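Have a look at the structure below, then the notes.
There are 2 protein chains.
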Amino acid sequence: MAEQSQYAELVRQVSAVGVVKRGLSRMLPAECPAGPAAVLHLLDRHGEMQLIRLAELLAIDTSVTSRHVSHVAERGWIERSTDPCDRRSRILRLTPAGKELLDRLAEHCTDALARALDDWSDDDVGQLNAMLARLRGSFSGPGPGPRHPEVTRTPA
Amino acid sequence: MAEQSQYAELVRQVSAVGVVKRGLSRMLPAECPAGPAAVLHLLDRHGEMQLIRLAELLAIDTSVTSRHVSHVAERGWIERSTDPCDRRSRILRLTPAGKELLDRLAEHCTDALARALDDWSDDDVGQLNAMLARLRGSFSGPGPGPRHPEVTRTPA
DNA sequence: TATTGTTATACTCTATAACTATA
DNA sequence: TATAGTTATAGAGTATAACAATA
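As C-alpha cells, then:
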C-alpha cells in the first residue's frame, strides 16, 4: 500500500504518457494511425481471432474495434471471413500485405526508439513493460470503483 | 540499448495505458474532466504561473492549455490576473474554491487507487513513477525523429 | 432471448493556423 | 518583429445506444 503523494504523482505521470503516445504516433504513416496499427500487431502476435477477442486485447469497446478493423480491412491489410461454425462472427486474419506493412513499421519504429532510448538497457525497458502490464491488470480487475459522486457545483 | 522485441512490447504497453487513463477519468466529476483537473493540480503544486509555463508542464500546446484554463476559470476554480510587469501575460492562481475541489478529488482518487493498487508497495509505485518520468524525458529530448516516410499505399 | 458485429451520435483531448494585444 | 494568449477548425480516439443478423 502506497502513500497518497505517490498516488497523486502516479495520476500525473499516467496523464502525461500522452506525450509519449503522440511521439510514437508521429512515427506512423498517415494511412495507418495508432489504433489500426495495434490491430495489425495483435493479429500478428496472437494469430487469427474474432472481433470480440481483439477488443478484449485492446481493452476498448467492440464498436471502436470494429471501426479500426474496417480501416485496415478496406486497405487490404487484413481479411474478414465468416466463421462457418457461427455465422454471426467473422474471423480476422492478417494478409501478406498487412504483414509487410507491419514489418516496415516495426523496423522504422525500432530505429526511432533506439535513438530516443539509447541510454535504456534491455532490462530497463523490460521492467517498465512489466510494471505497465501490472498497472493495467490492477485496473481491469474488480473495477476502479464508481464514478465520482455529487459535486458542489458553481453555477456556470 | 534494448532489443527490438522489447521495443514492440513497449509500444503496445504505452498504447494500452489508455485503459488506465480512462479508469482514472471515470473517477472525476463530469464538471471537471482530466485536462482541467491537471491544471488545478499543477497550480497547486507549483504555485501561480503563466499559461506558457503551464503548457510546458502539461506538455501540450498553448492553445489546448488555454481552453483547459478557461474551463476552470469560468467555474471560479482559478483566477487570471494581468501581470503588471508584462500586460500581455496573465498570472494563473488557484482560488480557495479550486483548492477545495482539488482536495476533494485527491481524497476520492486516493480511495479508489488504494483499492485498485492494494498490492502495490510504496516503492513499487515510486519506481513506476520514476520510469514514466524518465520515459517522458527520453521523448521530449532531441525529438523522436521525423514522421514516417512514404508508404506503398494500396488504392483505397 | 442472448450474442456478434455494425453504425450513428457525442464527447474529450489534441494540433495547426489565424488572430489580437502588447513588447 | 516577436511574444502571450485566444479562438476556429479539424482529426484521432473513445463510449453509449440503437440496430441487424444469427444462435
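Listed in order, the protein sequences are those of chains R and G. The first sequence begins at 1 in this note's numbering and counts up by one. The second sequence begins at 157 in this note's numbering and counts up by one. Ideal placement from N, C-alpha and C gives every residue a C-beta, glycine not left out. The model shown is predicted, which means the values in this text are computed figures rather than measured ones.
Euclidean distance between Cα positions of residue i and residue j
| i | j | result |
| --- | --- | --- |
| residue 253 (chain G) | residue 231 (chain G) | 9 Å |
| residue 73 (chain R) | residue 90 (chain R) | 12 Å |
| residue 221 (chain G) | residue 42 (chain R) | 34 Å |
| residue 134 (chain R) | residue 3 (chain R) | 18 Å |
| residue 276 (chain G) | residue 269 (chain G) | 10 Å |
| residue 69 (chain R) | residue 44 (chain R) | 14 Å |
| residue 86 (chain R) | residue 79 (chain R) | 17 Å |
| residue 281 (chain G) | residue 88 (chain R) | 44 Å |
| residue 163 (chain G) | residue 273 (chain G) | 26 Å |
| residue 173 (chain G) | residue 292 (chain G) | 14 Å |
| residue 67 (chain R) | residue 40 (chain R) | 13 Å |
| residue 111 (chain R) | residue 161 (chain G) | 12 Å |
| residue 216 (chain G) | residue 169 (chain G) | 21 Å |
| residue 283 (chain G) | residue 115 (chain R) | 23 Å |
Buried versus exposed, by CB contacts within 10 Å (16 or more), residue i
| i | result |
| --- | --- |
| residue 15 (chain R) | buried |
| residue 82 (chain R) | exposed |
| residue 46 (chain R) | exposed |
| residue 265 (chain G) | buried |
| residue 36 (chain R) | buried |
| residue 298 (chain G) | The pLDDT assigned to residue 298 (chain G) is 47, lower than 50, so where the model puts this residue is not dependable; a value taken from the coordinates is nonetheless given after this. Result: exposed. |
Same chain only: Cβ atoms within 8 Å of residue i, ignoring 5 sequence neighbours per side
| i | result |
| --- | --- |
| residue 154 (chain R) | Reliability fails at residue 154 (chain R), whose pLDDT of 36 lies under 50, so the model's placement of it is uncertain and no value is given. |
| residue 312 (chain G) | Residue confidence for residue 312 (chain G) is low, a pLDDT of 32 falling below 50, so the modelled location carries little weight; the figure read from the coordinates is stated next. Closer than 8 Å at the Cβ level, and outside the excluded window around residue 312 (chain G), lies no residue. |
| residue 218 (chain G) | 207, 208 and 211 |
| residue 95 (chain R) | 76, 77, 78 and 79 |
| residue 145 (chain R) | Summary for residue 145 (chain R): the model assigns pLDDT 44, below 50, so the residue's position carries little reliability, and this model does not support an answer. |
Nearest-angstrom beta carbon gap, residue j and residue i [assumed within contact, 8 Å]
| i | j | result |
| --- | --- | --- |
| residue 175 (chain G) | residue 139 (chain R) | 6 Å |
| residue 258 (chain G) | residue 204 (chain G) | No, residue 258 (chain G) and residue 204 (chain G) are not in contact; Cβ-Cβ is about 15 Å, not under 8 Å. |
| residue 38 (chain R) | residue 58 (chain R) | 6 Å |
| residue 263 (chain G) | residue 129 (chain R) | Wrong, their Cβ atoms sit about 32 Å apart, outside the cutoff. |
| residue 184 (chain G) | residue 261 (chain G) | 7 Å |
Bounding residues of the alpha helix (DSSP H) (the contiguous stretch that carries residue i)
| i | result |
| --- | --- |
| residue 90 (chain R) | Premise fails: residue 90 (chain R) lies in the beta strand (DSSP E), 90-94, not in any alpha helix (DSSP H). |
| residue 209 (chain G) | 207-214 |
| residue 63 (chain R) | 62-74 |
| residue 45 (chain R) | 34-46 |
| residue 128 (chain R) | 122-140 |
Same chain, Cβ closer than 7 Å to residue i, neighbours up to 5 away in sequence not counted
| i | result |
| --- | --- |
| residue 178 (chain G) | none |
| residue 181 (chain G) | 189 and 190 |
| residue 122 (chain R) | none |
| residue 255 (chain G) | 200 |
| residue 306 (chain G) | Model confidence at residue 306 (chain G) stands at a pLDDT of 45, short of 50, so the residue's coordinates are unreliable; what they give is reported in the following sentence. Taken in chain order, the list of residues that qualify is empty. |
Distance cut-off 7 Å: residue i Cβ against heavy atoms of the ligand NAD
| i | result |
| --- | --- |
| residue 29 (chain R) | Looking for the ligand NAD in the displayed structure turns up nothing, as the structure carries no ligands at all. |
First and last residue of the uninterrupted beta strand (DSSP E) at residue i
| i | result |
| --- | --- |
| residue 9 (chain R) | Looking at the DSSP string, residue 9 (chain R) is not in any beta strand (DSSP E); the run it does join, the alpha helix (DSSP H), is 4-25. |
| residue 79 (chain R) | 78-82 |
Nonlocal neighbours in the same chain, by C-beta distance under 6 Å from residue i, ignoring five residues either side
| i | result |
| --- | --- |
| residue 71 (chain R) | 36 |
| residue 84 (chain R) | none |
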